[in-house]
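Chains as they are written, first to last, in full-length UniProt numbering: chain H, 1 to 496; chain U, 1 to 318; chain C, 1 to 148.
All C-beta atoms, glycine included, are put in the ideal place defined by N, C-alpha and C.
Written out below as structure tokens is the structure these notes cover.
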Amino acid sequence: MLDILLTLLRPDTLLAMVGGTALGVVVGAIPGLGSILGLSVVLPFTFGMDALPSIVLLIGVYAGSVYGGSVSAILINMPGTPQSAATSLDGYPMAVGGQPGLAIGWATLASLVGGTFSAVVLMLIAAPVATFSLRFGPPEFFALTLMALTCVVAVSRGSVIKGLIAAVVGLFVAVVGSDPMTGDLRFDFGVLELSGGVNRVAVLIGLFALSEVFMQARSVDTPTAVDTSALAFRLPPWSAVAARLKTLLKSCLIGTGIGILPGTGATAASFISYVEAKRSGRFRANFGKGEPEGIIASEAANNAVTGGALVPSLALGIPGDAVTALIVSLLIVKGVQPGPFLFMRDPGFIHSLFAAFIIINILMALIGAALTGVFARILAVPTAILLGAITLFSMIGAYSLAGSGADVITCLVAGVVGFVLRLAGVPLAALAIGLVLGPLVEESLRQSLIMTDGSFVAIFLRPYSGAVLVLTVALLAAVTLGNRGERPQRTTDEVA
Amino acid sequence: MARLFARPVMRALAALGLAVSLAPAAHAADPLTLIVPWGAGGSSDVYARTLALSMEKTLGTDIVILNRPGAAGTLGTTEVARAKPDGNTVGVSALAPFTMQPHLRHLAYDVSSFDYICKPYSSPMALVVSDDSDFKTLDDVIGYAKAHPGELKYGSPGPGSLPHLAMVELGQKAGVEWTHLPTQGGDTGNVRNLLGHHIDMVPIQIVPIASNPIRPLAVFTDERLADLPDVPTVKELGYDMAHVIWGAMFAPKGVDPARLAQLEDACAAAVASDEYQSLLETVKVPDLYTGMDETNSFAVEESDKFKRLLAAAGMTQQ
Amino acid sequence: MSTRIADLIFAAVLLVVCAVLFLETLSDVYQRTGLGTAYNAVFYPRILLAVLALLSVALIAKALVGPSAALRLDLSRYALPVGGSLVLTTGYALFFTRLPFVPAAILYSAAVGLILGYRRLTVLAATAIAMPLGLFLLFESVLGVQLP
Numbered sequence: 001m002l003d004i005l006l007t008l009l010r011p012d013t014l015l016a017m018v019g020g021t022a023l024g025v026v027v028g029a030i031p032g033l034g035s036i037l038g039l040s041v042v043l044p045f046t047f048g049m050d051a052l053p054s055i056v057l058l059i060g061v062y063a064g065s066v067y068g069g070s071v072s073a074i075l076i077n078m079p080g081t082p083q084s085a086a087t088s089l090d091g092y093p094m095a096v097g098g099q100p101g102l103a104i105g106w107a108t109l110a111s112l113v114g115g116t117f118s119a120v121v122l123m124l125i126a127a128p129v130a131t132f133s134l135r136f137g138p139p140e141f142f143a144l145t146l147m148a149l150t151c152v153v154a155v156s157r158g159s160v161i162k163g164l165i166a167a168v169v170g171l172f173v174a175v176v177g178s179d180p181m182t183g184d185l186r187f188d189f190g191v192l193e194l195s196g197g198v199n200r201v202a203v204l205i206g207l208f209a210l211s212e213v214f215m216q217a218r219s220v221d222t223p224t225a226v227d228t229s230a231l232a233f234r235l236p237p238w239s240a241v242a243a244r245l246k247t248l249l250k251s252c253l254i255g256t257g258i259g260i261l262p263g264t265g266a267t268a269a270s271f272i273s274y275v276e277a278k279r280s281g282r283f284r285a286n287f288g289k290g291e292p293e294g295i296i297a298s299e300a301a302n303n304a305v306t307g308g309a310l311v312p313s314l315a316l317g318i319p320g321d322a323v324t325a326l327i328v329s330l331l332i333v334k335g336v337q338p339g340p341f342l343f344m345r346d347p348g349f350i351h352s353l354f355a356a357f358i359i360i361n362i363l364m365a366l367i368g369a370a371l372t373g374v375f376a377r378i379l380a381v382p383t384a385i386l387l388g389a390i391t392l393f394s395m396i397g398a399y400s401l402a403g404s405g406a407d408v409i410t411c412l413v414a415g416v417v418g419f420v421l422r423l424a425g426v427p428l429a430a431l432a433i434g435l436v437l438g439p440l441v442e443e444s445l446r447q448s449l450i451m452t453d454g455s456f457v458a459i460f461l462r463p464y465s466g467a468v469l470v471l472t473v474a475l476l477a478a479v480t481l482g483n484r485g486e487r488p489q490r491t492t493d494e495v496a
Numbered sequence: 001m002a003r004l005f006a007r008p009v010m011r012a013l014a015a016l017g018l019a020v021s022l023a024p025a026a027h028a029a030d031p032l033t034l035i036v037p038w039g040a041g042g043s044s045d046v047y048a049r050t051l052a053l054s055m056e057k058t059l060g061t062d063i064v065i066l067n068r069p070g071a072a073g074t075l076g077t078t079e080v081a082r083a084k085p086d087g088n089t090v091g092v093s094a095l096a097p098f099t100m101q102p103h104l105r106h107l108a109y110d111v112s113s114f115d116y117i118c119k120p121y122s123s124p125m126a127l128v129v130s131d132d133s134d135f136k137t138l139d140d141v142i143g144y145a146k147a148h149p150g151e152l153k154y155g156s157p158g159p160g161s162l163p164h165l166a167m168v169e170l171g172q173k174a175g176v177e178w179t180h181l182p183t184q185g186g187d188t189g190n191v192r193n194l195l196g197h198h199i200d201m202v203p204i205q206i207v208p209i210a211s212n213p214i215r216p217l218a219v220f221t222d223e224r225l226a227d228l229p230d231v232p233t234v235k236e237l238g239y240d241m242a243h244v245i246w247g248a249m250f251a252p253k254g255v256d257p258a259r260l261a262q263l264e265d266a267c268a269a270a271v272a273s274d275e276y277q278s279l280l281e282t283v284k285v286p287d288l289y290t291g292m293d294e295t296n297s298f299a300v301e302e303s304d305k306f307k308r309l310l311a312a313a314g315m316t317q318q
Numbered sequence: 001m002s003t004r005i006a007d008l009i010f011a012a013v014l015l016v017v018c019a020v021l022f023l024e025t026l027s028d029v030y031q032r033t034g035l036g037t038a039y040n041a042v043f044y045p046r047i048l049l050a051v052l053a054l055l056s057v058a059l060i061a062k063a064l065v066g067p068s069a070a071l072r073l074d075l076s077r078y079a080l081p082v083g084g085s086l087v088l089t090t091g092y093a094l095f096f097t098r099l100p101f102v103p104a105a106i107l108y109s110a111a112v113g114l115i116l117g118y119r120r121l122t123v124l125a126a127t128a129i130a131m132p133l134g135l136f137l138l139f140e141s142v143l144g145v146q147l148p
């Protein structure tokens, strides 16, 4: 144990942890930058570093960026990363309600607990769980995506039909480009930039950030009163946490579980967890109006995904998403071959990694607390100036994805469409879910149909896909019943 | 309000002043721009960045690496094709964007739009099955496939990818039918499906073989590999074919031959450098470097071969 | 205008979009292999389009049967700030890659501030200049991302 701590206290490892986490929090908080850009920025630094510090650097950026996204989600209703989209549902109302510092406090606490929880899980069950997840093939993934899509019903306040419409539109946007099964170009209308598909991150930036600019432009002359005393970082009192402990733990479990399954990712996890909390949480009546339980559900789950996603990456060398894929490829370049053998041959390395992961989560909370004051001042900036800044950030964010003007235009179109959809009362979160899940839905469905010779029924005649389907139906029923209690309301300023 | 912004403004102005005063020094020689039509951290990117380490020293200029991912590598490759042929913009990529994609979609370039300066890497592929599979040799697989047409499923990273085309060609040469199940996510996604028995076999690169419970049946290279000395080549098993995932550094046509030669020398030196050789060792890629003349003709050969195979797979657009 | 009319317009637009996209799936390019099976490129998009069309019809039905409320659209108040920022942002996005970042961004932020009714000119000028510069330095030197 002691030697593990000593390796972690080496100056280069320590610097990598602190630097990586701090950079991650900042990149995460700036909308459009996100985990991948943060990792790309630090990647060149790792070429001259040893395996442990370089991997710790990447994990720091990864965990930090997932947490950082919540900061802008709460303060300006603009999720810094898609993973935090669900956080804005309650975080932003809470900030507008005068308690931005406390809202970030909740997010920080939940992220810390979620991340640490998943690190412990990672340590205990990495190898066996990773092996089990292998039994999930295309049919099981299709069933899982159906389950994730039930979230749409839950986030559609007001009109479920419009929510479903938004989700299908999202799924369709993901269809544009090269067909994953035959390679044919679809719906590219002869435009080279479209032949690679619509850049999903650019769409998300436009949908959430840019449309917010146009929404706010309508009410710009109403002065916003900000109570500066509430800007300071504040942790919630223990009694308030204790009352929401069940949701906190459940969200950790949901996040870790989804993280272990490849392909689904933190965005889906935070929505599923949010929905579950909205269904069963003690304070479910207040959801959407600034209820801390909603923040906890989203943030604990998306940070728990980070540890969960490392399970298959390390134990099988099979990454669950683009971020862990980058980490795995770096490990290989560093001469560390992830896979079952890694646990037998190099347990010291693995244990150091686990310990570093926990330390990173603590650092993340400290850095977040320290930076809250700086971030929160954004709220004191006059709206007229802030809106110009948001547009600039959105466009640079979209541009920096691939240095392409097409992504800037994609972002603009998504912003204008998002604005119109908001006016029409269509929940944008549903569109985002469809967009993010789209490729996996199509790929798993069509792979499944190839495996079953075209039978839709046969997809669910397997033990695990059948079980997931039953679970999905149960969840759907529960959510529908839960929604019935609420009075349908129509708000043109639907937050997401 | 004024106080809030005062400090950033001062800092920005100070930094700008610094940038302006440093500018002339940085422009002593034009930087070389390496366009990588794939994302940061992908395999082409890692090779390019490692090459750049040494080429910066040899050429004495800065090297800027631009990742221009999108549209299966064709966006960044188009950018190289359209760049001014002054020898300061070159691309680094694996083969698909210039040897395969021009057959698949309408593009502003084809294989003849570039000079291929060098071939810094050639990553071999092996056909693998899971350890608990009944197939011990390639003959087992082909025998079973002959008896059960269409039943065996093989994975690939996508339609038109090299593993896909290799299996199409192998199927043609052996006279068997098998089912293609493409999976996004590269070798790792396919190994996952293999271990979960969702597919029966898949051609992958060499690195994951040692660390996963999988068994190589044959390699697609011309000769046996030092890392897998006991694994036969497809060719010696009687199927006359070979595939390797090779990458090139390429410039738009029209660059001054002297500059091309200079870049070729720098590329050769970079491949011979310690950093690059240790990279090749860790990713288990043999050093099959070739210079400009050989790579140029190889690119054309490969392009013709893929045109034929893509047509056989029913994929060509033109 | 009422919410009923708004929903009807919305659903009608969706139906038209569905029809156009469905016509696109009939074009020759997609007809070569695996018609009607998972091996066909338009197999899955058509499923989505069918679902979308059904949902649009459901929305129409619901709008006709369900309750309606008046929509307040205070156009005279919104027209300048919303329209102005839409036009400015569209223009800026279209020419984003062709304009040098710093001057264009300075002009854009100043113009947006003015259109949105901000009148403290010194603050506006200071932020409009400082922010693009700061962003430029952050991206070019710290993050290593090249801006136009």
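For Thr137 of chain U, does the count of other Cβ atoms within 10 angstroms reach 16, so buried, or fall short, so exposed? Exposed is the label assigned to Thr137 of chain U, since fewer than 16 other Cβ atoms lie within 10 Å of its Cβ.
Closest Cβ-Cβ distance between Leu15 of chain C and chain H: below 8 Å? With respect to chain H, the C-beta atom of Leu15 of chain C has no partner C-beta closer than 8 Å.
Write down every uninterrupted run of the beta strand (DSSP E) in the region 188 to 259 of chain U whose length is 3 residues or greater and which is fully enclosed by it, in chain order. Entirely contained in the region 188 to 259 of chain U, the beta strand (DSSP E) runs reaching 3 residues are, in chain order, 202 to 205, 214 to 219, 244 to 252.
What do you reckon, are the CB atoms on Pro203 of chain U and Pro163 of chain U nearer than 8 Å? In this structure, Pro163 of chain U lies closer than 8 Å to Pro203 of chain U by Cβ.
For Ser118 of chain H, I'd like the list of residues in its chain whose CB is within less than 6 Å of its CB, leaving aside the five on either flank, ordered along the chain. Only residues of its own chain outside the window of five on either side were considered, and among them Thr256, Ala304, Gly307, Gly308 have a CB closer than 6 Å to the CB of Ser118 of chain H, listed in chain order.
Taking Cβ positions only, does Phe137 of chain H come closer than 8 Å to chain U? A small fix is needed here, since residue 137 of chain H is Gly in this sequence, not Phe. Yes, Gly137 of chain H lies at the interface with chain U (some Cβ there is under 8 Å from its Cβ).
Other residues of its chain near Tyr239 of chain U: CB distance less than 7 Å, five sequence neighbours each side excluded: Correct list, in chain order: Leu170, Lys173, Ala174.
Assign Gly485 of chain H to buried or exposed, taking buried as 16 or more other Cβ atoms, counted over all protein chains shown, within 10 Å of its Cβ. Low per-residue confidence applies at Gly485 of chain H: pLDDT is 49, beneath 50, and the placement is therefore not dependable, though the value from the model is reported in the following sentence. Gly485 of chain H is exposed by the Cβ-count criterion.
Is the distance from the Cβ of Ala458 of chain H to the Cβ of Leu207 of chain H below 8 Å? Contact: no.
In chain H, which residues lie less than 9 Å from Pro157 of chain U when you measure between Cβ atoms? Those do not exist, as Pro157 of chain U stays about 10 Å from chain H at its closest Cβ, beyond 9 Å.
Using C-beta distances below 6 Å, list every residue in its chain close to Gly155 of chain U, excluding the 5 sequence neighbours before and after it, in chain order. Closer than 6 Å at Cβ, skipping near neighbours: Leu181, Thr183, Asn190, Asn193, Ile199, Val202.
Name the two residues that bound the continuous beta strand (DSSP E) containing Leu80 of chain C. Looking at the DSSP string, Leu80 of chain C is not in any beta strand (DSSP E), and its letter there is neither H nor E.
Taking Cβ to Cβ, would you say Glu140 of chain C is nearer than 8 Å to Phe187 of chain H? Going by C-beta atoms, Glu140 of chain C is not nearer than 8 Å to Phe187 of chain H.
Cross-chain neighbours of Val408 of chain H in chain C, by beta carbon under 8 Å: Simply Ala93, Phe96, Thr97.
DSSP state of Arg284 of chain H, grouped into three classes? The answer is helix: DSSP assigns Arg284 of chain H an H, G or I state.
Considering Cα atoms alone, identify which of C:Tyr108, C:Gly134, C:Leu52 is closest to Ala384 of chain H. Just measuring C-alpha positions, the residue of C:Tyr108, C:Gly134, C:Leu52 sitting nearest Ala384 of chain H is C:Tyr108.
Name the chain U residues whose beta carbon is nearer than 7 Å to that of Gly196 of chain H? The answer, in chain order, is Gly70, Ala71, Ala72, Leu75.
Residue burial classification, Trp238 of chain H (beta-carbon count within 10 angstroms, cutoff 16): That one is exposed.
Starting from Ser400 of chain H, follow the alpha helix (DSSP H) in both directions and report where the run begins and ends. Taken as a continuous stretch (DSSP letters only), the alpha helix (DSSP H) holding Ser400 of chain H covers 383 to 402.
Would you decide whether Glu291 of chain H is buried or exposed? Buried here means 16 or more other CB atoms lie within 10 Å of its CB. Classification for Glu291 of chain H: buried.
Once the 5 residues before and after Met181 of chain H are set aside, which same chain residues still bring their CB inside 6 Å of it? Excluding sequence neighbours, Met181 of chain H sits near Arg446.
Pull up the distance between the alpha-carbon of Ser394 of chain H and that of Phe220 of chain U, whole angstroms please. Rounded to whole angstroms, Ser394 of chain H to Phe220 of chain U spans 46 Å at the Cα level.
With DSSP collapsed to three states, give me the class of Asp115 of chain U. If DSSP states are grouped into helix, strand and coil, Asp115 of chain U belongs with the strands.
Taking all protein chains shown into account, do 16 or more other C-beta atoms lie within 10 angstroms of the C-beta of Thr89 of chain C, making it buried, or fewer, making it exposed? Residue environment for Thr89 of chain C: buried (at least 16 other C-beta atoms within 10 angstroms of its C-beta).
Check this for me: beta carbons of Ala85 of chain H and Pro79 of chain H, under 8 Å apart or not? Their beta carbons are under 8 Å apart, which means Ala85 of chain H touches Pro79 of chain H by this criterion.
Does any C-beta atom of chain U lie closer than 8 Å to the C-beta of Glu442 of chain H? Chain U contact via Cβ: absent.
Proximity winner among U:Ala210, U:Ser43, U:Glu264, relative to Val90 of chain U (alpha-carbon distances): Ranking U:Ala210, U:Ser43, U:Glu264 by CA distance to the CA of Val90 of chain U puts U:Glu264 first.
DSSP state of Arg186 of chain H mapped onto helix, strand, coil: Strand, per DSSP.
Suppose the cutoff is 7 Å on Cβ atoms and the five residues either side in sequence are ignored; what does the same chain contact list for Asp179 of chain H look like? Closer than 7 Å at the Cβ level, and outside the excluded window around Asp179 of chain H, lie Arg186.
Taking only beta carbons into account, state which residues of the region 177 to 209 of chain H come closer than 9 Å to chain U, listed in chain order. Correct list: Gly177, Ser178, Asp179, Pro180, Met181, Thr182, Gly183, Asp184, Leu185, Asp188, Gly190, Leu192, Glu193, Leu194, Ser195, Gly196, Gly197, Asn199.
Identify the contact partners of Arg105 of chain U in chain H, using a Cβ-Cβ distance below 7 Å as the criterion. Residues of chain H passing the Cβ test: Leu185, Ser195.
Taking Cβ positions only, does Gly134 of chain C come closer than 8 Å to chain H? Chain H contact via Cβ: absent.
Return the residue from the list U:Ala242, U:Gly143, U:Ala72, U:Tyr109 that minimises the CA-CA distance to Val36 of chain U. Minimum Cα distance to Val36 of chain U is reached at U:Ala72.
Using a C-beta cutoff of 8 Å, does Gly171 of chain U count as contacting chain H? Chain H, which has no Cβ nearer than 8 Å to the Cβ of Gly171 of chain U, makes this no.
Alpha helix (DSSP H) containing His164 of chain U: first to last residue? Element bounds for His164 of chain U: 162 to 174.
Between Pro182 of chain U and chain H, is the shortest Cβ-Cβ distance under 8 Å, so that the two count as touching? At a cut-off of 8 Å between beta-carbon atoms, Pro182 of chain U makes contact with chain H.
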